[in-house]
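Trainee:
2 protein chains.
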Amino acid sequence: MEQILENIHEHLHLLKDEELRRIANEMPLGDLLDMWRFLSEEEAVRVFLLLSLERKVNLITSLGSNEQEWLIKSLSLENARVLFEEMEPDDVVDILQEVSPSVREAVWNSLSDSAKQLTKFLLRFDEDDAAGIMTPRYLAIRQTITIGEAIAFIRKNGADVETVYYVYVVDQFKRLIGVVSLKDLLFVDDTVRIEDMMTRNFVFVREETDQEEAAKTLEAHDHIALPVLDRYNRLLGIITFDDVFDVIREEQTEDVYKMGAMEGRIDPYLGSSVFSLVKRRIPWLIILLIAGTITTNLINLYEPLLLGAAFLIWFVPVITQTGGNSGTQSSTLMIRGIATGEIVFRDLGRILLKEFVVGLLLGIGLALVIFLRGVFLPPGIEWFQALAIAAALAFVVLFSSVIGAFAPLIIYRAGLDPTVMAGPLMATVIDVAGLTIYFEVASLILNL
Amino acid sequence: MEQILENIHEHLHLLKDEELRRIANEMPLGDLLDMWRFLSEEEAVRVFLLLSLERKVNLITSLGSNEQEWLIKSLSLENARVLFEEMEPDDVVDILQEVSPSVREAVWNSLSDSAKQLTKFLLRFDEDDAAGIMTPRYLAIRQTITIGEAIAFIRKNGADVETVYYVYVVDQFKRLIGVVSLKDLLFVDDTVRIEDMMTRNFVFVREETDQEEAAKTLEAHDHIALPVLDRYNRLLGIITFDDVFDVIREEQTEDVYKMGAMEGRIDPYLGSSVFSLVKRRIPWLIILLIAGTITTNLINLYEPLLLGAAFLIWFVPVITQTGGNSGTQSSTLMIRGIATGEIVFRDLGRILLKEFVVGLLLGIGLALVIFLRGVFLPPGIEWFQALAIAAALAFVVLFSSVIGAFAPLIIYRAGLDPTVMAGPLMATVIDVAGLTIYFEVASLILNL
Chain B
699 MEQILENIHE HLHLLKDEEL RRIANEMPLG DLLDMWRFLS EEEAVRVFLL
749 LSLERKVNLI TSLGSNEQEW LIKSLSLENA RVLFEEMEPD DVVDILQEVS
799 PSVREAVWNS LSDSAKQLTK FLLRFDEDDA AGIMTPRYLA IRQTITIGEA
849 IAFIRKNGAD VETVYYVYVV DQFKRLIGVV SLKDLLFVDD TVRIEDMMTR
899 NFVFVREETD QEEAAKTLEA HDHIALPVLD RYNRLLGIIT FDDVFDVIRE
949 EQTEDVYKMG AMEGRIDPYL GSSVFSLVKR RIPWLIILLI AGTITTNLIN
999 LYEPLLLGAA FLIWFVPVIT QTGGNSGTQS STLMIRGIAT GEIVFRDLGR
1049 ILLKEFVVGL LLGIGLALVI FLRGVFLPPG IEWFQALAIA AALAFVVLFS
1099 SVIGAFAPLI IYRAGLDPTV MAGPLMATVI DVAGLTIYFE VASLILNL
Chain R
699 MEQILENIHE HLHLLKDEEL RRIANEMPLG DLLDMWRFLS EEEAVRVFLL
749 LSLERKVNLI TSLGSNEQEW LIKSLSLENA RVLFEEMEPD DVVDILQEVS
799 PSVREAVWNS LSDSAKQLTK FLLRFDEDDA AGIMTPRYLA IRQTITIGEA
849 IAFIRKNGAD VETVYYVYVV DQFKRLIGVV SLKDLLFVDD TVRIEDMMTR
899 NFVFVREETD QEEAAKTLEA HDHIALPVLD RYNRLLGIIT FDDVFDVIRE
949 EQTEDVYKMG AMEGRIDPYL GSSVFSLVKR RIPWLIILLI AGTITTNLIN
999 LYEPLLLGAA FLIWFVPVIT QTGGNSGTQS STLMIRGIAT GEIVFRDLGR
1049 ILLKEFVVGL LLGIGLALVI FLRGVFLPPG IEWFQALAIA AALAFVVLFS
1099 SVIGAFAPLI IYRAGLDPTV MAGPLMATVI DVAGLTIYFE VASLILNL
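In order, the protein sequences belong to chains B and R.
Residue numbering for the first sequence follows the working numbering, beginning at 699 and increasing consecutively.
Residue numbering for the second sequence follows the working numbering, beginning at 699 and increasing consecutively.
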């Protein structure tokens, strides 16, 4: 696939506008997005201008903010106006929140008056809250009308909203009192009144509900859309399933960043200043550096041992590295199991037992490898020296596997986020404990 | 929130069945799932049996396979039969594919004959393909009927399908020739024929399309459902947006596992045997162990230097650790940027420049920390010794930041998966290169 895309890309300059227009409009959007990454800015603009308006909107809302930024800059005023006119207000708000102030102003000026009003309303809310991802374009009706009237209403106003599949029933104060799905309407006689068939026990979220929480609610119920209410139960807008895709992806990014020892707040890399990147990255590096220097004292402490067996120091990096790797494996399994709900607390005993056996087997396997490597490959050590190192490594791996599983579970039980604590912090703990185990076991076997 | 859930949990035994039934059926499903983790098996079964049938289905399809397994085992035959009768066939298939053979048989036996047939049909397909996540319960009509007839057909058959919001138009060979949304139907006169208003240029996937690819297609188009076709263009089933939520989460798990140096294939932890866990974890550990022992030769090589400056060895673990941490940070940012489409190839130059500056600032900051720590905290070294270590660390951090950004981009450009290569493999490269830089810079400054 990638190969084909690269071929199209390489032959792009040979294609006439008409051919390129056809190809770019008919290829699956996913492929177009893949191809996009290989294009120069000039080629990208050429392709973009050839797309249909609907496809332009689909593409630009799928791009990263840095791509959005320069692409919007390269558009003519009229092109930008038509584009933002077509876009859903919540997508416009997403773009406004991500791009630089100058582009933001250009986008703002290209909006129609009614779009400006909707956008202003949405910008009032925190972008991490449920209200921050909702659209104000939904269908609302009163409870006293009939199904037939409701269908006529949907026909008249359905073109301007994000979904016609749910219709929201509100009272005179705009408070939500019921929900009707288009499916429900189909199965009931036209003369029935809305209040006699609407769902009164509907699922909803509050404006200040965290967006991840809101996403989980929609996901758990498999609903196409979810109403967002203020504290007086007034309907502010709706969250649709496609917004939830974005939230899950964002959440994913935060978790991955945390595993990489960074604060989880999403700021796209290219849009971040050097200063903000340093600010985000240095706190954990300093904490881990200071914690890590415990190993400095440790090696200093074991210097007498090292005088008698200098070869032990040759293996220090590989011992800590391997301990870290096996600990990371088991903590990764736990963190993920907790996140997906696969692992629950009552499993703690079983898990530790399992990790003990797995760690033992891993330790024995790796000990065998390092024993052979130590004896047969340069710098070359005696077999009893290699035995000491192998035995020590086995204990380190066993310890790391068990602690790597235990720590995330305990951290989660205490109500903290195991994602942040795992990874590098675990590595530091394992470095310190692992080195101690290494020196102690080796000295015992070498009888020093 | 967690606190409240724990409170409910702690008072569970005080609640009468009627109260518990009301609470458990009315609380948001997400909260119920959170509470579930704190329950003992006995309590969990009690709560489950009090749920409404719809909620039972929602809950059990949201649980991990290990939870599904024992829960199904604890149900009476009749309870299980009613439950699986209510469930969507693709959800039944998911459960069948995850649980142990004995539970699988019990589930199978509890299915009605028609459910067995649907399930058998679905089990023919690979669970990682588009066809593996589709449901065969969709609405299909012929092109010659009118809108009015189509709506009557939907009314008659809509209760048995997963979505009524798209209706699929097929010819006499079951080949898909058009798609009509319920929204489209609303806006057209009842007497119009389907063929005159159906969308012929519809989005679809093939049965063998990878499920992640299919998920991306649905996501890019924001469709509620996507038809799955065989190679003769016959309609096999549809993928709905809620299946895509599951695919995104699975994909997420695979990526996280890869970052933790494990093969990405999803096998729930608790359901995996010790042997399969060892098999999945040991390959990378051995590769990294062998690669990591290059540091053994390296320290051996620099032994003459260490004889003159023994304190250098005290800082070896913290130097490799810090190099690894800063390299992980920048590679994490790249991997994620590539995954979200935020970073494209033409940005390579800008990124390396940025990482150079960021790495320089991080290096200077961390050098300052280790200088102060070296001089003022035990074991205590001379200021010029601390200076040598600090300068060496700065270079290591600078190198790690740049290489951590460079490597994933080059790996991706070559058509490989940067997720697997990053993390531990990066750490090994940084260990080796970092130690060399460390020893060289330190010996230069110490004039040894």
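Just so you know, even glycine gets a beta-carbon here, dropped at the ideal spot from N, CA and C.
1. Return the bridge partner residues of B:Ile876 from the DSSP annotation.
2. Please return the same chain residues whose Cβ sits closer than 6 Å to the Cβ of B:Leu916, not counting the five positions on each side in sequence.
3. Taking DSSP as the reference, what is the three-state secondary structure of B:Pro925?
4. Buried or exposed, going by whether 16 or more other CB atoms sit within 10 Å of the CB of B:Pro1015?
5. Grouping DSSP H, G and I as helix and E and B as strand, with all else coil, what is R:Leu837?
6. Please tell me whether B:Ile1151 has its Cβ less than 7 Å away from any Cβ of chain R.
7. Is B:Asp944 helix, strand or coil by DSSP?
8. Assess contact between the segment 1046 to 1056 of chain R and the segment 763 to 772 of chain B, defined as three or more Cβ pairs (one per stretch) separated by less than 8 Å. Is contact present?
9. If you count every other CB in all the chains shown that lies within 10 Å of the CB of R:Lys854, and 16 or more means buried, which is it?
10. Decide if B:Trp734 is buried, meaning its Cβ has at least 16 other Cβ atoms within 10 Å, or exposed.
11. Where DSSP assigns a beta bridge to R:Phe827, which residues make up the other side?
12. From the DSSP output, in three-state form, read off B:Arg1111 for me.
13. In the DSSP assignment, find the unbroken alpha helix (DSSP H) run with B:Asn1038 in it and report its ends.
14. Output needed for B:Leu710: all residues of its chain with C-beta closer than 6 Å, excluding positions within five of it in sequence on either side, in chain order.
15. Let me check one thing: in DSSP terms, what residues is B:Thr938 bridge-paired to?
16. Under 7 Å between C-beta atoms, does B:Gly846 make it to chain R?
17. With a cut-off of 8 Å on the beta carbons, I'd call R:Val865 and R:Ile852 a contact; round off their distance for me.
18. Can you tell which of R:Leu986, R:Met960, R:Leu987 has its C-alpha closest to the C-alpha of R:Ser974?
19. Leaving out five residues before and five after R:Ile1079 in sequence, what residues of the same chain have Cβ atoms less than 6 Å from its Cβ?
20. What residues are listed by DSSP as bridge partners for B:Thr897?
21. Can you tell me the Cβ-Cβ gap for R:Ile946 and R:Ala913, rounded? I've got them flagged as a contact below 8 Å.
22. Could you round the C-beta distance between B:Glu905 and B:Ala829 to whole angstroms and report it? I think they count as a contact, below 8 Å.
23. Between B:Leu737 and R:Thr1117, what straight-line distance do the alpha-carbon atoms span, to the nearest angstrom?
24. Which residues mark the beginning and the end of the alpha helix (DSSP H) in which R:Arg822 is found?
25. Using DSSP's beta-bridge definition, name the partner residues of B:Val903.
26. Is there at least one Cβ from chain R nearer than 7 Å to B:Arg720's Cβ?
27. Rounded to the nearest angstrom, what separates R:Glu700 and B:Ala1088 at their Cα positions?
28. Which residues of the segment 743 to 763 of chain R have a Cβ closer than 8 Å to any Cβ of chain B? Give them in chain order.
29. Which residues mark the beginning and the end of the alpha helix (DSSP H) in which R:Ser800 is found?
30. Could you check the C-alpha separation between R:Leu999 and R:Ile1011 for me, to the nearest Å?
31. Is the distance from the Cβ of R:Glu949 to the Cβ of R:Glu910 below 7 Å?
32. For the segment 985 to 1001 of chain R and the segment 982 to 990 of chain B, state whether three or more C-beta atom pairs, one from each stretch, are separated by less than 8 Å.
33. Can you tell me whether B:Arg979 is helix, strand or coil according to DSSP?
34. In whole angstroms, what is the alpha-carbon distance linking B:Gly969 and B:Arg779?
35. Along the chain, which unbroken stretches of the alpha helix (DSSP H) at least 4 residues long are found entirely within the segment 754 to 788 of chain B?
36. If you run the structure through DSSP and keep just helix, strand and coil, what is R:Leu933?
Mentor: So, to answer that:
1. Stepping through the first sequence from its first residue, residue 876 of chain B is reached at position 178. The sequence given here places Gly at residue 876 of chain B; Ile does not occur at that position. B:Val867, per the DSSP bridge assignment.
2. Working through the first sequence from its first residue, we reach residue 916 of chain B at position 218. The residues are Leu924, Val942.
3. Position 227 of the first sequence, counted from the first residue, corresponds to residue 925 of chain B. Here DSSP, grouped into helix, strand and coil, assigns B:Pro925 to strand.
4. As a first step, residue 1015 of chain B must be located in the first sequence, where it is residue number 317. Buried, since its Cβ has 16 or more Cβ neighbours within 10 Å.
5. Taking the second sequence and counting its residues from 1, the one referred to as residue 837 of chain R is at position 139. Look at R:Leu837 here: in three-state DSSP terms it is strand.
6. Here chain B has residues from 699 to 1146 only, and residue 1151 of chain B is not among them.
7. Reading the first sequence from its first residue, position 246 is the one you call residue 944 of chain B. In the three-state scheme derived from DSSP, where H, G and I count as helix and E and B as strand, B:Asp944 is classed as helix.
8. With the cut-off at 8 Å, the segment 1046 to 1056 of chain R and the segment 763 to 772 of chain B do not touch.
9. Taking the second sequence and counting its residues from 1, the one referred to as residue 854 of chain R is at position 156. Counting Cβ neighbours within 10 Å, R:Lys854 comes out exposed, since fewer than 16 surround it.
10. Residue mapping note: residue 734 of chain B aligns to position 36 of the first sequence, counting from 1. Using a 10 angstroms sphere on the CB of B:Trp734, the tally of other CB atoms reaches 16 or more, which defines it as buried.
11. What you label residue 827 of chain R is simply residue 129 of the second sequence in a count that begins at 1. For clarity, residue 827 of chain R is Asp in the given sequence; the question names Phe instead. BP columns for R:Asp827 point to R:Asp908.
12. Counting from one through the first sequence, the residue named residue 1111 of chain B turns up at place 413. For B:Arg1111, the three-state secondary structure derived from DSSP is helix.
13. On the first sequence, residue 1038 of chain B is found 340 positions in, with the first residue counted as 1. The question names Asn, but residue 1038 of chain B is Thr in the sequence shown. Per DSSP, B:Thr1038 belongs to the alpha helix (DSSP H) from 1014 to 1038.
14. Counted from its first residue, the first sequence places residue 710 of chain B at position 12. Around B:Leu710: Glu741.
15. By one-based count along the first sequence, residue 938 of chain B stands at place 240. Its beta-bridge partners are B:Ala923.
16. Within the first sequence, the letter at position 148 stands for residue 846 of chain B. With 7 Å as the cut-off, B:Gly846 does not count as an interface residue toward chain R.
17. Residue mapping note: residue 865 of chain R aligns to position 167 of the second sequence, counting from 1. Residue mapping note: residue 852 of chain R aligns to position 154 of the second sequence, counting from 1. Contact annotation, R:Val865 with R:Ile852: C-beta distance approximately 6 Å; criterion of less than 8 Å satisfied.
18. Numbered from 1 along the second sequence, position 276 holds the residue referred to as residue 974 of chain R. In terms of Cα proximity to R:Ser974, the closest of R:Leu986, R:Met960, R:Leu987 is R:Met960.
19. For the purposes of this step, residue 1079 of chain R is identified with residue 381 of the second sequence, where counting begins at 1. Hits under 6 Å: Phe1009, Gly1072.
20. Here residue 897 of chain B corresponds to residue number 199 of the first sequence, with the count starting at 1. DSSP output for B:Thr897 lists B:Val877 as bridge partner(s).
21. Here residue 946 of chain R is taken as the residue at index 248 of the second sequence, counted from 1. Here residue 913 of chain R is taken as the residue at index 215 of the second sequence, counted from 1. Correct: roughly 6 Å between the Cβ atoms.
22. Here residue 905 of chain B refers to the residue found at position 207 of the first sequence. Here residue 829 of chain B refers to the residue found at position 131 of the first sequence. Their Cβ separation, rounded to whole angstroms, is 4 Å, which keeps B:Glu905 and B:Ala829 in contact under 8 Å.
23. Indexing the first sequence from 1 puts residue 737 of chain B at position 39. Indexing the second sequence from 1 puts residue 1117 of chain R at position 419. Distance between B:Leu737 and R:Thr1117, taken at the CA atoms: about 23 Å.
24. The residue you call residue 822 of chain R lines up with position 124 of the second sequence. Taken as a continuous stretch (DSSP letters only), R:Arg822 belongs to no alpha helix (DSSP H), as it is neither H nor E.
25. As a working mapping, residue 903 of chain B is identified with position 205 in the first sequence. Paired residues: B:Val926.
26. To locate residue 720 of chain B, count along the first sequence from 1; it is residue 22. B:Arg720 does not count as touching chain R.
27. The residue you call residue 700 of chain R lines up with position 2 of the second sequence. The residue you call residue 1088 of chain B lines up with position 390 of the first sequence. Per-residue confidence for R:Glu700 stands at a pLDDT of 48, beneath the threshold of 50, marking its modelled position as unreliable; the derived number appears in the next sentence. Going from the Cα of R:Glu700 to the Cα of B:Ala1088 covers about 45 Å.
28. Residues of the segment 743 to 763 of chain R whose Cβ lies closer than 8 Å to any Cβ of chain B, in chain order: Asn756, Ser760, Leu761, Gly762, Ser763.
29. Taking the first residue of the second sequence as position 1, residue 800 of chain R is located at position 102. Residues 799 to 807.
30. Stepping through the second sequence from its first residue, residue 999 of chain R is reached at position 301. Stepping through the second sequence from its first residue, residue 1011 of chain R is reached at position 313. Rounded to whole angstroms, R:Leu999 to R:Ile1011 spans 13 Å at the Cα level.
31. Here residue 949 of chain R refers to the residue found at position 251 of the second sequence. Here residue 910 of chain R refers to the residue found at position 212 of the second sequence. With respect to the 7 Å criterion, R:Glu949 and R:Glu910 are classified as neighbours on the basis of their beta carbons.
32. At 8 Å Cβ cutoff, the stretches do not touch.
33. The sequence position of residue 979 of chain B within the first sequence is 281, counting from 1. In this structure, B:Arg979 counts as helix in the three-state DSSP scheme.
34. The sequence position of residue 969 of chain B within the first sequence is 271, counting from 1. The sequence position of residue 779 of chain B within the first sequence is 81, counting from 1. Separation of B:Gly969 and B:Arg779 (C-alpha to C-alpha, rounded to the nearest whole angstrom) is 24 Å.
35. For the segment 754 to 788 of chain B, the continuous alpha helix (DSSP H) assignments of 4+ residues that do not extend past its boundaries occur at 763 to 772, 775 to 784, in sequence order.
36. Taking the first residue of the second sequence as 1, we reach residue 933 of chain R at position 235. Three-state DSSP puts R:Leu933 in a strand.
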